[in-house]
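Q: Numbering (UniProt numbering), first residue to last: 1 to 298.
Note that the Cβ used here is the ideal one computed from N, Cα and C, for glycine as well.
Here the structure is a predicted model, which is why all the values come from computation and not from measurement.
Supplied in structure tokens, the structure appears directly below.
Shown next, in the form of structure tokens:
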């Protein structure tokens, strides 16, 4: 990969010539020369300089974005060449949205490590938009996200269905029921995720489909704090069965369906549309396809 482009990305990420030089084990004048050479080749300045730091200008932002994509392609090329002579091994970058990433993916990674210890996974957790962008840009090998997705650079394969239930404290009056009519949920205090969350999106869809518009709502920024709040009796919530399986087993919370069935949502496996997989990626994709019941099968 072009050395001047690598130096430029280091300067962009550290926002400082000296820190970039230290990270690259180079002298500061050498870093400056690489930046000047790249700017000369591109035909314009890429950085706004001040006494304290440097920042990307508009042209620099374009070069940095595409530089990261080139870096990802170069890394993948090297791994594919390495795979010709070795068994499945090396780095595997995986991205997942929050529910799958926090409650399901660790079990799949544990299985991977037992059977393929030479594969070294790294995990990125984010929302669907963030993960899909990273996969499309070649910065992640694989993505697992929820919801519908249309992206010209991505192939989306149905992977798993998630069942979601209304969750209450074990002391709540609804706790003894297995199912409940939607109308009885209208006056309850609902604890919901923040805007942009996949869980929040499904909750709002459930409200709409069942004619609910609860006035009492609390918005919390993580599933963990919602679970703790439900256990404490602050309110009820709609959560994935993956997220509350331990609490259900311990009897600290209860789950119930609305109208006789859980709320369902789909998770998809994302890969680059024209991306050639490394052996490590092929192995992990195979594991995900074969064991769609995570973590119940773990």
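For the stretch 156 to 176 and the stretch 253 to 266, state whether three or more C-beta atom pairs, one from each stretch, are separated by less than 8 Å.
A: Flag = yes, the stretch 156 to 176 and the stretch 253 to 266 touch.
Q: When the distance is taken between beta carbons, is residue 97 closer than 8 Å to residue 131?
A: Cβ distance < 8 Å, so residue 131 and residue 97 count as in contact.
Q: Under 8 Å by Cβ, that's how I've got residue 146 and residue 99 pegged, so tell me the actual separation to the nearest angstrom.
A: 7 Å between Cβ atoms; contact.
Q: Nearest by alpha-carbon distance to residue 36: which of 19, 52, 3 and 14 is it?
A: Measuring from the Cα of residue 36, the nearest candidate turns out to be 3.
Q: Consult DSSP for residue 104 and reduce its assignment to one of helix, strand or coil.
A: Here residue 104 sits in coil by DSSP.
Q: For the stretch 215 to 224 against the stretch 235 to 249, are there 3 or more C-beta pairs whose distance is under 8 Å?
A: Yes, since at least three Cβ pairs between the stretch 215 to 224 and the stretch 235 to 249 fall closer than 8 Å, the two stretches touch.
Q: Can you list the beta strand (DSSP E) stretches of 3 or more residues lying completely in the stretch 196 to 275, in chain order?
A: Counting only runs of 3 or more, we get 217 to 219, 237 to 240, 253 to 258 and 263 to 272.
Q: Residue 9 lies in the alpha helix (DSSP H); which residues open and close that run?
A: That run of the alpha helix (DSSP H) goes 3 to 14.
Q: How big is the Cα-Cα spacing for residue 135 and residue 127?
A: Going from the Cα of residue 135 to the Cα of residue 127 covers about 13 Å.
Q: Helix or strand or just coil, what does DSSP make of residue 286?
A: Helix.
Q: State the beta-bridge partners of residue 93 as determined by DSSP.
A: Answer is 122.
Q: Identify which residue in 90, 101 and 185 has its Cα closest to the Cα of residue 208.
A: Comparing Cα positions, the closest option is 185.
Q: Quick one: give me the first and last residue of the beta strand (DSSP E) that residue 29 is part of.
A: First-last for residue 29: 28 to 42, but that is the alpha helix (DSSP H), not the beta strand (DSSP E).
Q: Is it the case that the Cβ atoms of residue 159 and residue 144 are separated by a distance below 8 Å?
A: Contact flag set, yes.
Q: Can residue 278 and residue 80 be called in contact, C-beta distance under 8 Å?
A: Taking 8 Å as the Cβ cut-off, residue 278 and residue 80 qualify as a contacting pair.
Q: Applying the 10 Å Cβ sphere with the 16-neighbour rule, what's the burial state of residue 5?
A: Buried: at least 16 other Cβ atoms inside 10 Å.
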